[in-house]
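The opening residue of the sequence shown carries number 945 in the working numbering; numbering runs sequentially from there.
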Amino acid sequence: MKLLIKNIKKLVQVEEEPRVWVAGADMAKLPCIDNAFLLIEDEKIIDFGSMNDISRIDNLDDADVLTELDATGRMVFPSYCDSHTHLVYAGSREIEYTDKIKGLSYEEIAKRGGGILNSAKLLHETSEDDLYEQSLERINEIIALGTGAVEIKSGYGLTVEDEIKMLRVVKRLRETTPIIIKSTFLGAHAVPAEYKGRQSEYVDLIINEMIPMVAAEELADYVDVFCDKGFFTVEETDRILMAAMKYGMRPKIHANELDYSGGIQVGVKYNALSVDHLEFTGDDEIKTLLNSETMPTLLPGAAFFLGMIDPPARKMIDSGLPLAMASDFNPGSSPSGDMKFVMSLGCIKMKLLPEEVINATTINTAYAMGVQEEVGSIARGKYANVYITKDIPSYEYMPYAYGSDLVDTVILKGKIIE
Ligand code: NIG
Ligand code: FE
């Protein structure tokens, strides 16, 4: 089965030689082909090039079922990879949104037993089937917005049973939807109310019971810890990462959102795939990251929604670092999985160029969730996870028109998604 997209105004983020990630000055480069074609066979991209060279694929086998799409006036992008979400959750938290408008901080709400613990209570009261249905709606929403790969964390369970319940839902979503999904165990998201004042005992529960059970059911690719002021310490993070890595779960860390927490350093120490948030990133943190294989990942939706300071994104790129940007889709600090809006925030709030935010939401987030060999760019042999835009004047128009839905057709693993 072949699918040929012809007369593409601009084919964006093409790679002849796939790269692992894009860093520093290279982040401002975006390889594209004008007036292009893209040829897909079954689930994969098999060829692309200029329409002037389309004769080289004229010998398409007659026996092949060939679908042709004409993309005149429209562009083709690789799907977004959203490398950090918490999109399996129950209900919503707009009451806290009102509290925040009235002046309470994220930490104050958490201290009162709201925040993550509020979501944990709702999740506990929700059946696995209902949780699946609620989460499926969010998956369908992000697919329509152009996302083709997503990482999903646990962390609203906070008991052995409920953490497993969340991760089983993630597994079911992976089996029943066309999007690529990676799962992360985040038992250390908050200390449950029953363990108040006994935080180290909760860490013991994570290490001695949760991690072995999650591993036994093969429910998580990665492990995460909210290593920040008022949540988990560097020492606790150290213990949890060591335990999870014995089961092959590579770390992805919530770090330096609320303070210079040491989260970046402990993440790099354990060769984390990514460290995420990074509002509090200074020269030491940049130096640590420069000598690592860890992808610094910003979550501009959370900083925007909580009205917090932005990370020093410009300085990080100018120091030579790669940067990724993900949505953090969750009910408390970023109730949106709109990666196009994440790009706009990167440009408007962090002074990044359109090319930089496109790299940060495709190839670099693919690395940050371990799928860079499968998706993240238009390259031969990668999955055909792409979207065709509406008629747009330029690729800069994508982050510029921050409220417009510009996705026309979504293709995942070579199939047109209605
Ligand atoms: O990434 N920072 C920690 N966890 C989430 C928020 C979770 C919540 O408030 O429900 C985040 O922002
Ligand atoms: Fe998060």
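Glycine included, C-beta positions come from ideal geometry on N, C-alpha and C.
Here's the rule: buried if 16 or more other CB atoms are within 10 angstroms of the residue's CB, otherwise exposed. What is Met1186?
Counted from its first residue, the sequence shown places residue 1186 at position 242. Exposed is the call here.
Quick one: using the 10 Å Cβ neighbour count with 16 as the cut-off for buried, is Ile1108 buried or exposed?
Numbered from its first residue, the sequence shown carries residue 1108 at position 164. By the neighbour-count rule (16 or more Cβ atoms within 10 Å), Ile1108 is buried.
Give every residue of the same chain whose Cβ lies closer than 7 angstroms to the Cβ of Met1239, excluding the five residues on either side of it in the sequence, and list them in chain order.
By one-based count along the sequence shown, residue 1239 stands at place 295. Cβ neighbours of Met1239 beyond the five flanking positions: Trp965, Leu1217, Ser1218, Pro1266, Ala1268, Asn1308, Tyr1311 and Ala1312.
Which word fits Pro1256, buried or exposed, when buried means at least 16 other C-beta atoms lie within 10 angstroms of its C-beta?
Here residue 1256 refers to the residue found at position 312 of the sequence shown. So Pro1256 counts as buried.
Measuring CA to CA, which of Ser1280, Leu1075, Leu1296 and Lys1213 is closest to Asp1254?
The residue labelled residue 1254 in the question sits at position 310 within the sequence shown. The shortest Cα separation from Asp1254 among Ser1280, Leu1075, Leu1296 and Lys1213 belongs to Leu1296.
Should Asp1026 and Ser1271 be called a contact, given that it needs their Cβ atoms to be closer than 9 angstroms?
The sequence position of residue 1026 within the sequence shown is 82, counting from 1. The sequence position of residue 1271 within the sequence shown is 327, counting from 1. Result yes, Cβ atoms of Asp1026 and Ser1271 sit closer than 9 angstroms.
For Met1239, which three-state DSSP category applies?
Residue mapping note: residue 1239 aligns to position 295 of the sequence shown, counting from 1. In this structure, Met1239 counts as strand in the three-state DSSP scheme.
Could you work out which residue in Ile1123, Leu1111 and Lys1259 is closest to Ala1160 when comparing CA atoms only?
Counting from 1 along the sequence shown, the entry for residue 1160 is found at position 216. For Ala1160, the nearest C-alpha among the options comes from Leu1111.
Distance, Cα to Cα, Ser1348 vs Ser1338?
Translated into positions along the sequence shown, residue 1348 becomes position 404. Translated into positions along the sequence shown, residue 1338 becomes position 394. Their Cα atoms are separated by approximately 14 angstroms.
Would the region 1118-1128 count as touching the region 1093-1103 if we require 3 or more Cβ pairs under 8 angstroms?
Short answer: they touch.
Under a Cβ-count criterion, where at least 16 other Cβ atoms within 10 Å of its own Cβ denotes burial, should Ile1086 be classed as buried or exposed?
In the sequence shown, the residue the question calls residue 1086 occupies position 142. That one is buried.
Hey, how far is the Cα of Leu1130 from the Cα of Gly1099?
Here residue 1130 refers to the residue found at position 186 of the sequence shown. Here residue 1099 refers to the residue found at position 155 of the sequence shown. Going by the C-alpha atoms only, they are around 5 angstroms apart.
Keeping to the same chain, check which residues put their C-beta closer than 7 angstroms to that of Val1354; ignore five residues upstream and five downstream.
On the sequence shown, position 410 is the one that residue 1354 refers to. Here the set comprises Ile1087, Ala1088, Gly1090, Tyr1331 and Ile1361.
Check whether the region 1204-1218 and the region 1280-1294 touch, using three or more Cβ-Cβ pairs below 8 angstroms as the test.
The region 1204-1218 vs the region 1280-1294: no contact.
Please name the residue, chosen from Val956, Asp1106 and Asp1073, that lies closest to Met1157 on a Cα-to-Cα basis.
Against the sequence shown, residue 1157 aligns to sequence position 213. Closest by alpha carbon: Asp1106.
If you run the structure through DSSP and keep just helix, strand and coil, what is Thr1353?
Sequence index remark: in the sequence shown, residue 1353 carries index 409 (1-based). Of the three classes helix, strand and coil, the one that applies to Thr1353 here is strand, per DSSP.
Can you tell me which of Phe1248, Leu1080, Ala1134 and Thr1103 puts its alpha carbon nearest to the alpha carbon of Arg1056?
Here residue 1056 corresponds to residue number 112 of the sequence shown, with the count starting at 1. The residue with the shortest Cα to Cα distance from Arg1056 is Ala1134.
Please identify the residue among Gly1251, Glu1081, Gly1276 and Asp1228 whose C-alpha is closest to the C-alpha of Met1260.
Residue mapping note: residue 1260 aligns to position 316 of the sequence shown, counting from 1. The option with the nearest alpha carbon to Met1260 is Asp1228.
What residues in its chain sit with their C-beta under 7 angstroms from that of Glu1318, if we drop five residues either side in the sequence?
Against the sequence shown, residue 1318 aligns to sequence position 374. Same-chain partners within the cutoff: Ile1124, Lys1326 and Tyr1327.
How many whole angstroms separate the CB atoms of Met1019 and Thr1333, which I take to be in contact at a CB cut-off of 8 angstroms?
Working through the sequence shown from its first residue, we reach residue 1019 at position 75. Working through the sequence shown from its first residue, we reach residue 1333 at position 389. Confirmed, about 5 angstroms.
Using 8 angstroms for Cβ pairs, my map puts Lys946 next to Ile977. What's the rounded Cβ distance?
Start at 1 with the first residue of the sequence shown, and residue 946 comes out as number 2. Start at 1 with the first residue of the sequence shown, and residue 977 comes out as number 33. Contact flag wrong, Cβ pair sits at about 19 angstroms.
What's the C-alpha gap between Met995 and Val1169?
Stepping through the sequence shown from its first residue, residue 995 is reached at position 51. Stepping through the sequence shown from its first residue, residue 1169 is reached at position 225. Looking at the two C-alpha atoms, the distance is approximately 48 angstroms.
Just grab the DSSP bridge partners of Gly991 for me.
Within the sequence shown, residue 991 is the residue found at index 47, counting from 1. A quick correction: the sequence has Asp, not Gly, at residue 991. BP columns for Asp991 point to Leu983.
Is it the case that the Cβ atoms of Leu948 and Thr1011 are separated by a distance below 9 angstroms?
Translated into the one-based positions of the sequence shown, residue 948 becomes position 4. Translated into the one-based positions of the sequence shown, residue 1011 becomes position 67. Their beta carbons are under 9 angstroms apart, which means Leu948 touches Thr1011 by this criterion.
Give me the Cα-Cα distance between His1221 and Asp1203, rounded to the nearest whole angstrom.
Residue mapping note: residue 1221 aligns to position 277 of the sequence shown, counting from 1. Residue mapping note: residue 1203 aligns to position 259 of the sequence shown, counting from 1. Roughly 11 angstroms between the two C-alpha positions.
Could you give the C-beta distance for Lys1293 and Pro1244, rounded to a whole number, given that I count them as a contact under 8 angstroms?
Position 349 of the sequence shown, counted from the first residue, corresponds to residue 1293. Position 300 of the sequence shown, counted from the first residue, corresponds to residue 1244. About 6 angstroms; that satisfies the 8 angstroms criterion.
For Tyr1214, which option in Lys1173, Asn1303, Glu959 and Lys1190 has the closest C-alpha, if you only look at C-alpha atoms?
Stepping through the sequence shown from its first residue, residue 1214 is reached at position 270. Checking every option, the nearest Cα to that of Tyr1214 belongs to Lys1190.
According to DSSP, is Pro962 helix, strand or coil?
Taking the first residue of the sequence shown as position 1, residue 962 is located at position 18. Looking at Pro962 - three-state DSSP - the assignment turns out to be coil, as it is neither helix nor strand.
What are the residues that DSSP puts in a beta bridge with Ala1199?
Counting from 1 along the sequence shown, the entry for residue 1199 is found at position 255. Cys1171 and His1221, per the DSSP bridge assignment.
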